[in-house]
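Below you'll find the structure, written out as structure tokens, and then a few comments.
Chains as they are written, first to last, in our numbering: chain A, 1 to 412; chain B, 413 to 843.
What follows is the structure, given as structure tokens:
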């Protein structure tokens, strides 16, 4: 049980506190409710580029990292389709430094030209390193626009292409900041040896005077229902053929979400899972196979990926996957298997809360979804999933007209 | 009105409270370390064996033996083992590095006993069934082929080969075909000789009390297992060539991977803590000189760092980065420039103070959470037989080192001629 205390400042900043005296370090996590789904289709990759610029100095403090490191702190950040998350770990004695630094860059940035020029380059190198100069690195650049025609999940967080990043201007940067970076669009969570009283005091002192900003209401087009199978075949200079199948699934708050996640566990969590056991271990059709959900807040994807052995044809690969999906649609699981995947979920979930920083991140995510305290009810929700529900969800999910398939062929 | 230009008062803790492990020697001689920290009802059990790749007789043997432990025992098939672990929500991870082989089990406290029953069989009576070995061969080969496509893999391999020589256990790398040649009987032998109680240390971490500890003792603390007579072979002499620069070509690579470094003294050496500070200044944190210059000023790379890797008998100092192909030579030039600055200029007190404080924070972070503490302590004890006084010595050095000492150290350890340089990328970008 994770004890949570919460308050909200007058300017709309939500603050979540969890006391944990077993560590000398405080984890300080600030989430902004803006991700790559909020980008202009002509300026993709911007939310992530912007995250880099948040380290380029703020209105009163020329450098972000240096004063933090000087107090023994460490920090980083990440951006995904849905939100942007900044985190600091710092010795308890110097916690106030984290408030000072994070509040100043929420107040206003320095908007340095040099920082923009350099970070554009850095992000292009990140693009190269992680997506272009790597076998199979461009998979999501191919899959997303295949699966999504309208919704901004059709581009990856890094952006459609390096050109979009190179084109960013300082005006774009400023507009983005005032539109999305605001106390009323952020969630602060803190875990470690702290009291809510001191956090309230620091929060008021450092964040309290930052004014609310008009954050536009999010208007994202809903992805229309897919009505026919989509198939893409490409050839690349990679060592082995791979197959990718993605299916549209529910959003994060939908009642089907937990059952969908459990289906991915039935298929590929652990060595006893169906796909791994049959197709890797017993039949040697794939060298690797995985099923997982993207877990996005809007309607996300159920993903199956497999790396083929040299002797395996795409046709065989696809038909064996389909057979397994048919099994879940047509035959009940049995109590044992359902209990197994629920146990696996509970275990993974609890292990995710051992690290104090991960705990802080998870609390922020639950608060974003509606309520940080729900972190304690997640296991229950999975426990309640029934066999009938699994079958029903699988039947809706696994149809050819809901599926996009990518055949990623190795150039011979 | 709040003055935001002034930083809050900072304090640097004088002392660091080190969370120590409870330590017992079990009846069969195994050392058991336990760390009771955490809010969740979970625990992690690590079995460390002196069974890394340096002790193997054939390529990939250590890794294969560790991986295949869970693939069949005297009483259970591979599938039965997987079913049972998965049902309890427990999972195992096996790793093998140069010095150690390790199996870690993660378990909900409520299923610890059941999971230990399984783990005991897996560790003591694996059978390495031929069918599962065959799957491992083809999988292992395939994933290594994918790995070898990466420029980072190529430069890393060149680097260790260059430092130690290809036939030295610290410089050797398995090739794809080696996986195909793995023999079941070799794995059986390796298990008998090296995954044994007399080469094992156990760490239990998480929410652990007497009952969890007793459970572990019942499963792993009573009888010995395996061949008790194995003696660990000493490392042969380093057989590196005189060559300083290595290059691997990768057609059309958009980025080049660079590794520059050398062999260093081990952690027992009196210079070690000071070398950590030197390394941190150069490339050991986000604000380091390499990051500032090559990423934050020039934008040649997404990241660059320098690290001191710990091996049982040495440390290895290595600078690593991937840079845009067109920046390859420029980046290398800047790396040497930053190293020469350390040799020729005194570091300012301002920068040194920052690094002192950052490192004290890092030390505290190594006690943040049960599993982090477990890793910190096992690394301390196992690698170089150090004890907790190591932290005190490190803190003392961090607090007292002078700019002059750092410059001397750079002149002793970071001479350009003593560093080897490995680049993997496309030929057309290298002058």
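From the three backbone atoms N, C-alpha and C, an ideal C-beta is built for every residue, glycine too. Treat the numbers as computed from the prediction; the structure is a model and nothing was measured.
Name the residue from the options whose alpha carbon lies nearest to the alpha carbon of residue i.
i	options	result
residue 644 of chain B	B:775, B:516, B:705 and B:469	B:469
residue 290 of chain A	A:7, A:321 and A:208	A:321
residue 382 of chain A	A:181, A:256 and A:303	A:256
residue 368 of chain A	A:336, A:158 and A:253	A:253
residue 157 of chain A	A:146, A:127 and A:74	A:127
residue 325 of chain A	A:265, A:342, A:312 and A:2	A:265
residue 262 of chain A	A:288, A:287 and A:342	A:342
residue 813 of chain B	B:828, B:534 and B:767	B:767
residue 508 of chain B	B:805, B:465 and B:545	B:465
residue 624 of chain B	B:445, B:835, B:702 and B:790	B:445
residue 427 of chain B	B:511, B:827, B:808 and B:823	B:808
residue 442 of chain A	A:385, A:391 and A:7	A query on residue 442 of chain A cannot be resolved here, the shown segment of chain A reaching from 1 to 412 and no further.
residue 542 of chain B	B:493, B:527, B:533 and B:599	B:599
residue 247 of chain A	A:293, A:361 and A:272	A:293
Using a beta-carbon distance below 8 angstroms, is residue i in contact with chain A?
i	result
residue 665 of chain B	yes
residue 491 of chain B	yes
residue 586 of chain B	no
residue 708 of chain B	yes
residue 502 of chain B	yes
residue 416 of chain B	yes
residue 835 of chain B	no
residue 745 of chain B	no
residue 561 of chain B	yes
residue 766 of chain B	yes
residue 547 of chain B	yes
residue 419 of chain B	yes
I want to verify the contact list: residues of chain B whose CB lies under 7 angstroms from the CB of residue i, in sequence order.
i	result
residue 387 of chain A	Correct list: empty, because the minimum Cβ distance to chain B is about 17 angstroms.
residue 91 of chain A	425, 773 and 776
residue 20 of chain A	451
Going along chain A, which residues have a C-beta under 8 angstroms from residue i?
i	result
residue 769 of chain B	69, 70, 71 and 72
residue 520 of chain B	343, 346, 347 and 350
Hey, is residue i's beta-carbon within less than 8 angstroms of any beta-carbon in chain B?
i	result
residue 97 of chain A	yes
residue 210 of chain A	no
residue 397 of chain A	no
residue 437 of chain A	A question about residue 437 of chain A goes unanswered here, because the residues of chain A that appear run from 1 up to 412.
residue 318 of chain A	no
residue 353 of chain A	yes
Could you give the first and the last residue of the continuous beta strand (DSSP E) run that contains residue i?
i	result
residue 30 of chain A	25-32
residue 5 of chain A	5-8
residue 91 of chain A	84-91
residue 18 of chain A	14-19
residue 661 of chain B	657-661
At which residues does the alpha helix (DSSP H) containing residue i begin and terminate?
i	result
residue 58 of chain A	Element bounds for residue 58 of chain A: n/a, residue is neither H nor E.
residue 261 of chain A	257-268
residue 554 of chain B	542-559
residue 499 of chain B	490-499
residue 387 of chain B	Only positions 413 to 843 of chain B appear in the structure, and residue 387 of chain B is not among them; the question remains open.
residue 287 of chain A	Run containing residue 287 of chain A: none in the alpha helix (DSSP H); it sits in the beta strand (DSSP E), 286-293.
residue 74 of chain A	First-last for residue 74 of chain A: 74-79, but that is the beta strand (DSSP E), not the alpha helix (DSSP H).
residue 115 of chain A	113-127
If the cut is a Cβ gap below 9 angstroms, which residues of chain A does residue i touch?
i	result
residue 494 of chain B	270, 271, 272, 273, 276, 277 and 281
What whole-angstrom Cβ distance do residue i and residue j have, given they're in contact under 8 angstroms?
i	j	result
residue 151 of chain A	residue 228 of chain A	Wrong, their Cβ atoms sit about 18 angstroms apart, outside the cutoff.
residue 94 of chain A	residue 422 of chain B	5 angstroms
residue 575 of chain B	residue 832 of chain B	6 angstroms
residue 516 of chain B	residue 457 of chain B	7 angstroms
residue 656 of chain B	residue 591 of chain B	With a Cβ gap of about 32 angstroms, residue 656 of chain B and residue 591 of chain B do not count as contacting.
residue 727 of chain B	residue 678 of chain B	6 angstroms
residue 206 of chain A	residue 44 of chain A	With 8 angstroms as the limit, residue 206 of chain A and residue 44 of chain A do not qualify as a contact, their Cβ atoms being about 33 angstroms apart.
List the residues of chain B whose Cβ lies closer than 8 angstroms to the Cβ of residue i, in chain order.
i	result
residue 309 of chain A	550 and 554
residue 65 of chain A	698 and 699
residue 287 of chain A	550, 551, 554 and 555
residue 42 of chain A	Correct list: empty, because the minimum Cβ distance to chain B is about 23 angstroms.
Along chain B, in chain order, which residues have C-beta atoms closer than 9 angstroms to that of residue i?
i	result
residue 25 of chain A	773, 776, 777, 779, 780 and 781
residue 222 of chain A	Chain B residues near residue 222 of chain A: none, gap ~35 angstroms exceeds 9 angstroms.
residue 132 of chain A	666 and 667
Can you confirm whether residue i, when its beta carbon is compared against all beta carbons of chain E, has any partner nearer than 8 angstroms?
i	result
residue 2 of chain A	In summary, chain E is missing from the structure at hand, where the protein chains are A and B.
For residue i, go through chain A and note every residue whose CB falls closer than 7 angstroms to its CB, in chain order.
i	result
residue 713 of chain B	125
Is residue i near the ligand GDP, going by C-beta to nearest heavy atom under 7 angstroms?
i	result
residue 811 of chain B	Ligands displayed in this structure: none; no statement on the ligand GDP is therefore possible.
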